[in-house]
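Residue numbers (our numbering): 133 to 395. Here is the structure we will look at.
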């Protein structure tokens, strides 16, 4: 099962790296005043993330099946290792953030000329790919410069909680299927119980606030200069949210089991 774990680990890293880098698309769009075009590029991010998830999900479920027939198999350890991959993927995104802001800025400009993603992809040349090295930019981390930046502490904390729920949803349902084998099929399909809570919190509290932050940057030059730092704070909150998921995993699994038994 080690090979499967490596594949799942890599897929999980890709999912969380690409999703977190959506902030880079937003920032590039704001800087170019092309936010609508920038948001269209998030389709690429969603595609990469969902494609990786198509491979990751069944391979992760296979660990549960394997644990049914091998009592010594450390399923919980495997699941925690997968959660670690989400944290590492988010950390990679934070490190790559300045570089991808530059790259996405270039993509947005090219997309406006090309008019569509297929034309944009087919217009890429080997020379242009080689020139991507000039967009590389190392992150500059100075914690004093990134302190809150007017973002409510409750919003940062809520962002961490929502991220932890989203990160742990599928894994918690699979672990619940392991804990309650008599309800294994139902439990394995119940990730929506956790993700549903996260979706409600995201829709009511996170998305509107994030939209206000972006809108202020579009209309206020001073706020626009601070937007990159604000996104770094939010990505850092996301990173700590994936770490928090390690503590949420078991309670979430038992919560799913309790609901499943009540159905």
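Every residue, glycine too, gets a C-beta built ideally from N, C-alpha and C.
Counting along the chain, where does the alpha helix (DSSP H) carrying residue i start and finish?
i: residue 135; result: 134-152
i: residue 307; result: 285-311
i: residue 165; result: Note, residue 165: premise wrong, no alpha helix (DSSP H); not H, not E.
i: residue 319; result: 316-320
i: residue 346; result: 339-351
i: residue 334; result: Element bounds for residue 334: n/a, residue is neither H nor E.
Between residue i and residue j, is the Cβ-Cβ spacing less than 8 Å?
i: residue 172; j: residue 299; result: no
i: residue 214; j: residue 315; result: no
i: residue 301; j: residue 338; result: no
i: residue 375; j: residue 152; result: no
i: residue 293; j: residue 175; result: no
i: residue 207; j: residue 310; result: yes
i: residue 164; j: residue 237; result: yes
i: residue 291; j: residue 369; result: yes
i: residue 194; j: residue 136; result: yes
i: residue 359; j: residue 162; result: yes
i: residue 388; j: residue 330; result: no
i: residue 283; j: residue 362; result: yes
Take residue i as the anchor and find which of the options has the nearest alpha-carbon.
i: residue 209; options: 162, 133 and 150; result: 133
i: residue 364; options: 338, 288, 198 and 193; result: 288
i: residue 225; options: 293, 155 and 330; result: 155
i: residue 169; options: 334, 317, 239 and 389; result: 239
i: residue 392; options: 198, 135, 348 and 324; result: 324
i: residue 318; options: 242, 305, 348 and 237; result: 305
i: residue 385; options: 336, 231, 139 and 212; result: 212
i: residue 139; options: 190, 177 and 179; result: 190
i: residue 177; options: 150, 353 and 335; result: 150
i: residue 296; options: 356, 371, 167 and 197; result: 371
i: residue 229; options: 188, 159 and 312; result: 159
i: residue 166; options: 188, 286 and 351; result: 351
i: residue 378; options: 196, 216 and 285; result: 216
i: residue 198; options: 313, 336, 355 and 328; result: 313
Tell me whether residue i is buried or exposed, calling it buried when 16 or more other Cβ atoms sit within 10 Å of its Cβ.
i: residue 233; result: buried
i: residue 395; result: exposed
i: residue 321; result: exposed
i: residue 380; result: buried
i: residue 345; result: buried
i: residue 203; result: exposed
i: residue 192; result: buried
i: residue 222; result: buried
i: residue 383; result: exposed
i: residue 157; result: buried
i: residue 334; result: buried
i: residue 390; result: exposed
i: residue 179; result: exposed
Practice task
Answer yes if the region 135-153 comes into contact with the region 179-189, meaning at least three C-beta pairs across the two stretches below 8 Å, and no otherwise.
Solution key: yes
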